[in-house]
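Protein chains in written order, with the numbering used here: chain A, 1002 to 1385; chain B, 1174 to 2034. C-beta: ideal position from N, C-alpha, C; glycine also.
In structure tokens, the structure reads:
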């Protein structure tokens, strides 16, 4: 079976071959050799690539740090790194312990730090409490008044009008009015009593007024090549992708489920690969991407993200014995009896258990000897 | 041991619910009495040790199959229960069934329309063994449980509750096991599919036991203590309780005892049978032995790491293995393993006698137990003869067709392993080299794949017993085939320590050796093809271990200039000659871009191993030739320089103090989203780290160069510049959980400091080097940090171990099919081509095709 050389390798070959000064026949020879090399490197049929991938990721696990926090860049935002992060990804936890996004901007919006800061301010989740100042409860007239802090208003790019609009949407039974002094006066519903007005105050302060829900911190950062991007704490991929300035191709989240939901299972697969690869690289551990691909592919084959746990990938196995040998064997055995499951012994552990050659690698080819007597009988049967 | 050709293969294992009918058929005895033995110590008939359930005493014969201990597999017995009893492990199923079926007509509470709708889907799913079945089943069950009226007979349904562990309540009325069984009996076969049960699996009422199958004697053997007293297995004890209770219950029933007494006994029987199956159910007090020890019953035997599955089925004990301490020996080949005589004379290889090797094998038989001898001779009629007795007879009878189990000799193939076996290089095939003394010997070049050291590590040895396994070992597992790791496609075995240092010393500068000296080095390194020359340079000597037509350029861009200047900046090898460059860890060690990788690629495993072997011999010989020692003086720093370090550190200290001042005055501007204190900490850390690095740089300037310790570092043999800095200049900040040390006493780390002192030295900054010595407080901080890293390691190991187990378990069945697709055991395609391009990492150049290397090779010709 001959396979075509991947285009990336072909491209690199053409690039490099241009640089040297040799005649065309040598060039032809080089191309030919790359081709034969590629065929030589193909995996052998029967190779237990699964075990190799598992070992390649598991073995360096002992070298990874257990420290949960690492200070990214200017030390404001924490991210989970090292072994805990790997475990988190492979377990397919519903939410990461430190959700975060990396947001790239379209070229024209990422010219200067100020540009980026402007976009960042747009993203940040702002509660009224973050900007409100000077909140007072007027019990006599049963009113609540507050103003917005001038400085904060600027840093968060909040406008009084917008705030009122947002609040009106949430508190439909209250009346909001902007005074000449830019103060906002709130008139609670008629039936409210003193207790309610204080409750309302707390609720108001906790109300989301601007930005994108869930983006708790934003931090403009610079890549090594000098490009500006934004790192966030908290994620909301769907809403962020809707924003005009964002480069939707490169922007991503570290929440694999979210990516799966917003962009589909292939994106989730890719996210698993890249998230694990990034952690490994941070730790200075060299693992070939192919192994991560295989793990990620097994986690996503049936269209949803399944963890490498007894509830995830292992639960999907056909073999009763394979499941039983992993965790909680009795549960699997009794379940098997109710469903009348048949273990066809096609996997590795099953065959280890019954002392038969394992169906992997050199265990696959079979040589059957038919003694004269047996053979004669069998042939008779088949001829009928 | 009789060897027979195995013609049959187990094609599958089917799981079903045991029917009472089958149970009765299986039971070769009805157990009636809890007594075990009579006065003579002979098993009582119809007792729990009845001889019809198999024999465990040598000398007796089984009364069912007539075989003796070795051949009787054991037979089941049975206890007819006076009243039906719930099977604990099926409780949750029974609970679902009761709630989903009508209390009067027994039909599943689903309308005919719904049934019609789902039946086909479920049947198909069941046929295909698909998991869709589970999803639908769950949804249907939920629907049925909440219905209040039977759509078939119109009966109003009552809420059924499960009172753990095994009592069912309908409203408040208790359902006895008889009631439960009756209800389950009423569920028609055709409705079972909606309950997630396969019709072929059996009947739901079988989940309520009427007969209890008693495991054979062989499953619960009794042991005879030294005192002659018999000690019974936990299961036998438990069964005794069951028989006793069952007997009493049946007596009371036939005697017409009051209902309360019967109910009590019934509950007791339920308890005993529950704990017989599973003795660790919550809400059930575990059954105990008389001594108070918790009994180990059936499910305990299966469960967990020490259970049947993981302990005996997925992993097995083996013969022909050995284990002892390892120690280094650089005079043996990396592919060899040194084995003590004592072990070599114990482990054997079966060798079939033919007319061509009979004379050779006879010598082993003649030697008998004396090494190199043989321990057993197997004749075709299956007899095994021990060498000790009647050696002469055996010798005279030795004929082609016999099998001689001869001792290990040099050159035999064996497996060598060190736990934890985290990757495939943890078990590799070596060649035997029998040596005196009592440890396994390995070449230090191979410690890396095993992750071994010689501080008391032990390793395991296994001897393959068949020709097939030996062939596979040679071709697939030999150390030379494992040089490239499949993790990233570069050598994992390579020169290290002394070997690197030796080659470094040899090739650095233009050292000239006289012919005699060169001969001395080369011959003792196993190189015999020596050119006729008066003088040799070090580079020429090293070149002799390389293949004659090897081309290697470390860095293509810098190559031209380096070759012109001969400035040793990069390694260039032309036609097997080291033209320029110093050989160091980068060029002959493990890792990407080493000469070794190129040799492996072009000349294959065998040749690479030869080179590696010669590197190790030549390297250590060179070190011995020059002599090499290190001294503490290598880390000495001149007073003037040290003064610089002191100033640099106190600079940093003042900077930190300034920050603290600012913080104390409340003027420190916090980072957004951080408190001032956190900001302080995060600003201090880089200052102190920078100070340590700077002080290191100051000192290293003086240490760099000729000093021997630094030669070690530069060649990559051992140590790092950081080690020198720690010794000579400054140890730096000590961390606890990733922060400066901030705990201990109230508001201070140690009682030597003022409360609230946040200064560098009060929070674990060590400004001395190891040689200058640590102050007492610094010593404590160092100890804190040291303990923290130990604790950390201790927590990491089990975590990553579990991750590894899960990964392997999830992926173990995935393999490449002949069509190049990657599939799992059920044939589901996981990838259409491994890693998208089908490249096997262990056959690649660091994960890809190294286009440059190919171009380089052609261009330089």
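Run through DSSP, which three-state label would residue i get?
{"i": "residue 1410 of chain B", "result": "helix"}
{"i": "residue 1063 of chain A", "result": "helix"}
{"i": "residue 2025 of chain B", "result": "helix"}
{"i": "residue 1076 of chain A", "result": "For residue 1076 of chain A, the predicted model reports a pLDDT of 45, less than 50, meaning its position is unreliable; a value from the coordinates is still stated below. Three-state DSSP puts residue 1076 of chain A in coil, outside helix and strand."}
{"i": "residue 2004 of chain B", "result": "strand"}
{"i": "residue 1855 of chain B", "result": "helix"}
{"i": "residue 1925 of chain B", "result": "coil"}
{"i": "residue 1336 of chain B", "result": "strand"}
{"i": "residue 1583 of chain B", "result": "coil"}
{"i": "residue 1682 of chain B", "result": "coil"}
{"i": "residue 1102 of chain A", "result": "strand"}
{"i": "residue 1603 of chain B", "result": "strand"}
{"i": "residue 1313 of chain B", "result": "helix"}
{"i": "residue 1259 of chain B", "result": "strand"}
In terms of DSSP beta bridges, what is residue i paired with?
{"i": "residue 1385 of chain B", "result": "B:1252"}
{"i": "residue 1222 of chain A", "result": "A:1230"}
{"i": "residue 1578 of chain B", "result": "B:1523 and B:1549"}
{"i": "residue 1043 of chain A", "result": "B:2012"}
{"i": "residue 1728 of chain B", "result": "Beta-bridge pairing links residue 1728 of chain B to no other residue."}
Sort the options by Cα distance to residue i and report the nearest one.
{"i": "residue 1331 of chain B", "options": "B:1296, B:1282 and B:1547", "result": "B:1282"}
{"i": "residue 1507 of chain B", "options": "B:1783, B:1938, B:1985 and B:1853", "result": "B:1783"}
{"i": "residue 1338 of chain A", "options": "B:1450, B:1416, B:1498 and B:1376", "result": "B:1376"}
{"i": "residue 1168 of chain A", "options": "A:1152, A:1205, A:1194 and A:1196", "result": "A:1205"}
{"i": "residue 1673 of chain B", "options": "B:1351, B:1688, B:1887 and B:1748", "result": "B:1887"}
{"i": "residue 1661 of chain B", "options": "B:1464, B:2016 and B:1289", "result": "B:2016"}
{"i": "residue 1578 of chain B", "options": "B:1798, B:1927 and B:1551", "result": "B:1551"}
{"i": "residue 2027 of chain B", "options": "A:1011, A:1032 and A:1350", "result": "A:1032"}
{"i": "residue 2032 of chain B", "options": "A:1007, A:1014, A:1005 and A:1021", "result": "A:1021"}
{"i": "residue 1699 of chain B", "options": "B:1647, B:1609, B:1725 and B:1790", "result": "B:1790"}
Residues of chain B with CB closer than 7 Å to the CB of residue i, please, in chain order.
{"i": "residue 1335 of chain A", "result": "1262 and 1263"}
{"i": "residue 1353 of chain A", "result": "1487"}
{"i": "residue 1014 of chain A", "result": "2024"}
{"i": "residue 1101 of chain A", "result": "Simply none; closest approach about 13 Å."}
For a contact defined as C-beta to C-beta under 9 Å, what are the partners of residue i on chain B?
{"i": "residue 1330 of chain A", "result": "1472, 1475, 1476, 1477, 1480, 1481, 1482 and 1483"}
{"i": "residue 1146 of chain A", "result": "What residue 1146 of chain A touches in chain B: nothing, since even the nearest Cβ is about 27 Å away."}
{"i": "residue 1275 of chain A", "result": "Simply none; closest approach about 14 Å."}
Going along chain A in order, which residues have a C-beta closer than 9 Å to the C-beta of residue i?
{"i": "residue 1373 of chain B", "result": "1341"}
{"i": "residue 2007 of chain B", "result": "1043, 1044, 1048, 1050, 1291, 1294 and 1295"}
{"i": "residue 1370 of chain B", "result": "1339, 1340 and 1341"}
{"i": "residue 1268 of chain B", "result": "In chain order: nothing, as chain A lies at least about 13 Å away."}
{"i": "residue 1968 of chain B", "result": "1067"}
Applying a beta-carbon distance threshold of less than 7 Å, which residues of chain A neighbour residue i?
{"i": "residue 1182 of chain B", "result": "1357"}
{"i": "residue 1990 of chain B", "result": "1046"}
{"i": "residue 1635 of chain B", "result": "None at all; the shortest Cβ gap to chain A is about 16 Å."}
{"i": "residue 1354 of chain B", "result": "The contacting residues do not exist; residue 1354 of chain B stays about 17 Å from chain A at best."}
{"i": "residue 1862 of chain B", "result": "The contacting residues do not exist; residue 1862 of chain B stays about 12 Å from chain A at best."}
Given that residue i touches chain A, what residues does it touch there, using C-beta distances under 8 Å?
{"i": "residue 2120 of chain B", "result": "Lying before the first or after the last residue shown, residue 2120 of chain B is absent from chain B, which here runs from 1174 to 2034."}
{"i": "residue 1367 of chain B", "result": "By Cβ distance, chain A contributes nothing, its closest Cβ being about 13 Å from residue 1367 of chain B, past 8 Å."}
| Counting Cβ pairs closer than 8 Å, one from the stretch 1611 to 1629 of chain B and one from the stretch 1565 to 1581 of chain B, do we hit at least three? | no
| said: Whether or not the stretch 1801 to 1813 of chain B and the stretch 1899 to 1910 of chain B are in contact is what I'm after, with contact meaning three or more pairs of Cβ atoms, one per stretch, closer than 8 Å; do they touch? | reply: yes
| Is it a yes or a no for the stretch 1536 to 1549 of chain B touching the stretch 1626 to 1645 of chain B, going by three-plus beta-carbon pairs under 8 Å? | no
| Do the stretch 1723 to 1737 of chain B and the stretch 1649 to 1666 of chain B touch if we need at least three Cβ pairs shorter than 8 Å? | no
| request: Answer yes if the stretch 1379 to 1391 of chain B comes into contact with the stretch 1222 to 1240 of chain B, meaning at least three C-beta pairs across the two stretches below 8 Å, and no otherwise. | output: Cβ pair count under 8 Å is three or more, so yes.
| task | Spell out a yes or no on whether the stretch 1270 to 1280 of chain B and the stretch 1340 to 1359 of chain B are touching, meaning 3 or more CB-CB pairs, one atom from each, closer than 8 Å. | result | yes
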